[in-house]
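**Student:** Using the UniProt record's numbering, you'd call the opening residue of the sequence shown number 1 and step up by one each time. Built from N, CA and C at the ideal position, the CB exists for glycine as well. As the structure is a prediction and not an experimental result, all values here were calculated from the model.
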Amino acid sequence: MHKQPAVPLIDLAADEPLSNASDNPHFSDLLATRISRRRLLGGGGALAAALTLPGLLTACAATRVAAAKSLLGFEAIPALTLDKVTVPAGYTTQTLLPWGTPLLPGAADFKTDASDSAAEQALQVGSHHDGMHFFPIDLPAGGNSSAEGLLVMNHEYCDPDLLHTQGALGLPRPLAQVEKELAAHGVSVAHIKLDDAGQWQLVRNSRFNRRITGTTKMDIAGPLRGHICMQTAFSPEGISARGTLNNCSMGVTPWGTYLTCEENWADCFINRDTDIPRSHYRYGIRADNSKYHWHTAQPQADIVRRFDATATADTAMQDYRNEPHQFGWMVEIDPFNPDSTPRKHTALGRFAHEGIIFHKAVEGQPLVAYSGDDSRFEYIYKFVSREAYFQASAGPHLLENGTLYVAVFHDDGRGEWRALDINNTEFQQRAAQAGVTFADQADVLLNTRLAADVMGATKMDRPEWGAVHPHSGEVYFTLTNNDKRRSDETDAVNPRARNQYGHIIRWREQGLPQAQHFAWDVFWFGGPAGTAQPQHKTTTSAASEIACPDGLWFDADGRLWIQTDISNSSALLGSAAFGHNGMYAADPSTGELRRFLSGPNGCEVTGVVSTPDQTTLFVNIQHPGEGSTPTNFTSHWPDGGRSRPRSATVAIRRINGKKIGA
1 MHKQPAVPLI DLAADEPLSN ASDNPHFSDL LATRISRRRL LGGGGALAAA LTLPGLLTAC
61 AATRVAAAKS LLGFEAIPAL TLDKVTVPAG YTTQTLLPWG TPLLPGAADF KTDASDSAAE
121 QALQVGSHHD GMHFFPIDLP AGGNSSAEGL LVMNHEYCDP DLLHTQGALG LPRPLAQVEK
181 ELAAHGVSVA HIKLDDAGQW QLVRNSRFNR RITGTTKMDI AGPLRGHICM QTAFSPEGIS
241 ARGTLNNCSM GVTPWGTYLT CEENWADCFI NRDTDIPRSH YRYGIRADNS KYHWHTAQPQ
301 ADIVRRFDAT ATADTAMQDY RNEPHQFGWM VEIDPFNPDS TPRKHTALGR FAHEGIIFHK
361 AVEGQPLVAY SGDDSRFEYI YKFVSREAYF QASAGPHLLE NGTLYVAVFH DDGRGEWRAL
421 DINNTEFQQR AAQAGVTFAD QADVLLNTRL AADVMGATKM DRPEWGAVHP HSGEVYFTLT
481 NNDKRRSDET DAVNPRARNQ YGHIIRWREQ GLPQAQHFAW DVFWFGGPAG TAQPQHKTTT
541 SAASEIACPD GLWFDADGRL WIQTDISNSS ALLGSAAFGH NGMYAADPST GELRRFLSGP
601 NGCEVTGVVS TPDQTTLFVN IQHPGEGSTP TNFTSHWPDG GRSRPRSATV AIRRINGKKI
661 GA
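1. By the three-class DSSP mapping on this structure, what secondary structure does Ala369 have?
2. With a threshold of 6 angstroms on Cβ separation, who are the neighbours of Ser371 within its own chain once the five nearest residues in sequence on each side are excluded?
3. Given this structure, state the Cα-to-Cα distance separating Ala241 from Ile303, to the nearest angstrom.
4. State yes or no: is the C-beta of Gln622 within less than 7 angstroms of the C-beta of Thr606?
5. At which residue ranges does the segment 215-284 contain complete alpha helix (DSSP H) runs of 4 or more residues, listed in the order of the chain?
6. Nearest to Cys548 by alpha carbon, out of Phe525, Ala301, Gly167?
7. Who are the Cβ neighbours of Leu450 in its own chain at under 8 angstroms, not counting the five residues just before and after it?
8. Which class does Glu592 belong to by DSSP, given the choice of helix, strand or coil?
9. With distances taken Cα to Cα, identify the nearest neighbour of Val252 among Ser146, Thr244, Phe135.
10. Kindly list the residues whose CB is nearer than 7 angstroms to the CB of Trp294, restricted to its own chain and excluding five residues on each side of it in sequence; keep chain order.
11. Just to confirm, are Trp200 and Ala651 a CB contact at a threshold of 7 angstroms?
12. Inspect the beta-carbon positions of Tyr389 and Val406 and report whether they are closer than 7 angstroms.
13. Could you name each continuous beta strand (DSSP E) segment of 3 residues or more that falls completely within the segment 552-583, going from the start of the chain to the end?
14. Have a look at Leu53 and Thr531 and give me their C-alpha separation to the nearest angstrom.
15. What is the C-beta distance between Ala122 and Arg211, in whole angstroms, given that I count them as a contact (C-beta under 8 angstroms)?
16. Short of 6 angstroms in beta carbon distance, which residues of its chain neighbour Ser501, apart from the five on each side in sequence? Order them along the chain.
17. Count the other C-beta atoms from every protein chain shown that fall within 10 angstroms of the C-beta of Thr611, then say buried if there are 16 or more, exposed otherwise.
18. Please check the pair Gln231 and Met317, which I expect to be a contact at CB under 8 angstroms, by giving their CB distance rounded to whole angstroms.
19. Three-state secondary structure (DSSP) at Val454?
20. Please classify Cys60: is it buried, with 16 or more other beta-carbons within 10 angstroms of its beta-carbon, or exposed?
21. Extract the residue ranges of the alpha helix (DSSP H) inside the segment 126-211, only unbroken runs of 4 or more that lie entirely within it.
22. Is it buried or exposed for Asn482, if we count other Cβ within 10 angstroms and need 16 for buried?
23. Just reading off the beta strand (DSSP E) that Ala297 is part of, what are its end residues?
24. Given that a residue counts as buried once 16 or more other Cβ atoms are within 10 Å of its Cβ, and exposed if not, what is Leu57?
25. In this structure, how does DSSP classify Thr52 when only helix, strand and coil are distinguished?
26. Should Thr425 go down as buried or exposed, given a rule of 16 or more other Cβ atoms within 10 Å for buried?
27. Nearest to Asn337 by CA position, among Ile562, Gly256, Arg321, is which residue?
28. What residue range does the beta strand (DSSP E) around Asp521 cover?
29. Report the option in Glu592, Gln326, Ser146 whose CA atom is closest to the CA atom of Ala221.
30. What residue range does the alpha helix (DSSP H) around Ile333 cover?
31. Just confirm the distance between the C-beta atoms of Gln182 and Gly243, as a whole number of angstroms; I'd bet it's less than 8 angstroms.
32. Give every residue of the same chain whose Cβ lies closer than 8 angstroms to the Cβ of Gln428, excluding the five residues on either side of it in the sequence, and list them in chain order.
33. Once DSSP output is grouped into helix, strand and coil, what is the label at Val85?
34. Could you tell me how far apart the beta carbons of Thr81 and Gly574 are, in whole angstroms, since I believe they sit closer than 8 angstroms?
35. Mapping DSSP to helix, strand and coil, what is Arg442?
36. Alpha helix (DSSP H) containing Ile303: first to last residue?
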């Protein structure tokens, strides 16, 4: 019999331990300096003057003058606390692909008491839906169908108290439970089609339907392939890995494949060695505990023993001391080739990847992509491919070699990208000054955070999703919050002490996307009504009250869709100002922002994409009923009644069939 512990066995709300001990500048310090220089005055944190982004806001102002009308053609909904999804009048919603939906041939129907086995879960849609993309079914032939396609989505994590009938049993963990939790992670590829009634249906038995889980075999690509630091008992050659975990946001390559991003993977490991290597402790791997306690599973099995990274043998080829090195990467999946092996791209750096976004690919120019490290006081990165992009030959090779840069934001509204390149003179000098050595470029990429520390990167307030404006090329990034910023890191005129509301920054590269300098400003400050938005010369209204911006995506018309992730432990969630987590739309050219969607109890709203014709908008509702126990559900969405809450996708359409948001 498994004894239930006196305290919660698994704490899903626990933050990643702070692991950035560098003296690098905080973004809050830069913002405080800049705000004070611009004489941002006013009581209660209100800002009263404009931040000027050289070469950017001037252009935006011109766009505002020329704009005939706003891109936002809907009436904002109020802040709500209902256990359902609410959208503006004139719109309809359909729930599809909830956790446990039978996906592969032979899959069993979801059992309402969650008694599905690990083998059954591996054939069903995973849990905790996150980033996703819609691939038109005719994309390989150059088409853009809006009536049929592959909806590919991440499954960020699982909640054992909902995943199992009796919740997480005590220590040691039962192997059957751990295997099911690994099966609930990863990615789902679902072939969907619009029927004559305007409803999306899963195409059962489609050859494209697929699950990638925490045990799927994967290739290692790029500089760390075959490196000594990737050797494990499973792959002594250091060329293969098992599974992908904590898949948050995502990206789409110009050649039509899907990149899933490994975020809070470090929580899954433990290392009890006396001397924990920097490639572990700088990522928050602990010596005393891990989130799921997978390494304790009984009976013992190699598939879970790997989560104990303690050195137990003579060489790395005989134990799993290097298993954490196989996570923290971008994983490429070809949705149109269900027999393909996913590959982990090590040239893109190793950290808590929130997502990846690409600048528009230009024929004959390098490929450029951005990613944020979603942890307090971590950094923003840019990758520039070594080889030029050519549509006729574009493919995974473009992600296997290149230069990874980290962002440095200066207080005058300018910034620079500093190369994390062992052959770069500045990198060599800064590493020497810091007393840090790297064996080779693979070592730099394995220890991306440390390399960024060395280069003096700017500490950010949890960089989350990014988005590139389809017309201007401006890059937008959410900084969701950081309540650990101390008061001595700011001053009286800085409204962002203990940044509980978060904000959105943007920048424009100075020249081509691969340029090493940029200009930046703050696009939007989270906060209640009355919060000043100096860059738009306005203040937040009841329709635009937003906190903890997270998900971010531009539609083809230039509408910016913003999703929120207020923690269930925050007093902001369910408040009169913010209600439940939701989704907003903004028009960057006019500075307007309106609430478009409100989610059910305890959820995060995350993942957004439309069909090419923009008549269906897909949105994911993650962890409704977070904080539920096996006998007390705090949400019953989407099935209603007394049902177990399940993450699911919502398809939003207009009654008149026109574009969403227009």
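**Tutor:** This is what the structure gives:
1. strand
2. His353, Ile356, Tyr381
3. 11 angstroms
4. yes
5. 278-281
6. Phe525
7. Arg278, Arg282, Val436
8. strand
9. Phe135
10. Arg173, Val178, Cys268, Val304, Phe307
11. yes
12. no
13. 560-564
14. Model confidence at Leu53 stands at a pLDDT of 47, short of 50, so the residue's coordinates are unreliable; what they give is reported in the following sentence. Computed Cα separation, rounded: 20 angstroms.
15. 6 angstroms
16. Rather than Ser, the amino acid found at residue 501 in this sequence is Tyr. Around Tyr501: Gly526, Gly527, Ala547.
17. buried
18. 5 angstroms
19. helix
20. With a pLDDT of 43 at Cys60, under the threshold of 50, the predicted position of this residue should be treated as unreliable, though the coordinate-derived value follows. Burial call: buried.
21. 160-163, 175-184
22. buried
23. No beta strand (DSSP E) holds Ala297; DSSP gives it neither H nor E.
24. For Leu57, the predicted structure reports a pLDDT of 43, less than 50, and the residue's modelled location is therefore unreliable. A value from the coordinates is still provided. By the 10 Å Cβ count, Leu57 comes out buried.
25. Note on Thr52: pLDDT 41, under 50, position unreliable in the model; the coordinate value appears next. Note: Thr52 maps to coil in three-state DSSP.
26. exposed
27. Gly256
28. 517-525
29. Gln326
30. Looking at the DSSP string, Ile333 is not in any alpha helix (DSSP H); the run it does join, the beta strand (DSSP E), is 330-333.
31. Looking at the sequence itself, residue 182 is Leu, so the reference to Gln does not match. Their Cβ separation, rounded to whole angstroms, is 7 angstroms, which keeps Leu182 and Gly243 in contact under 8 angstroms.
32. Ile422
33. coil
34. 5 angstroms
35. As written in the sequence, residue 442 is Ala, which differs from the Arg given in the question. Note: Ala442 maps to helix in three-state DSSP.
36. 302-305
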